[in-house]
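Residue numbers (mature numbering (1 follows the signal peptide of the UniProt record, and there is no 0)): -27 to -1, 1 to 82.
Structure, rendered in structure tokens:
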């Protein structure tokens, strides 16, 4: 009987939480309009030349002849790719190798 009471109380609580905020969510209010300049994401996008297209062959190609002409956002993402690849290599290979050397069956210290 005690478990049934707890289940009923939990169900009633879940219903109260679910439908308790419905009136607040459905209230009809006019949003206030604030005059402001461009948003931060718009400013960052303009700085990173987000309106320009990139060519993947010039970014990921072997010769990298047109890398300088690519937009800043493509260069940034390429740099992040290189950094994340190095971090993944370190985490998957170097870290476990170090752990094996320090804490493995043969202690080298």
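Glycine residues also receive a C-beta, built at the ideal position from the N, C-alpha and C atoms. These numbers were taken from a predicted model, which means no experiment stands behind them.
Secondary structure at residue 22: coil, using DSSP grouped into helix, strand and coil. DSSP places residue -25 in the helix class (H, G or I) of the three-state scheme. For the pair residue -10 and residue -17, the Cα-to-Cα distance works out to about 10 Å. By the CB criterion at 7 Å, residue 43 and residue 59 fall outside the cutoff. Taking a C-beta distance under 7 Å as the contact criterion, residue 23 and residue 46 qualify as a contact pair.
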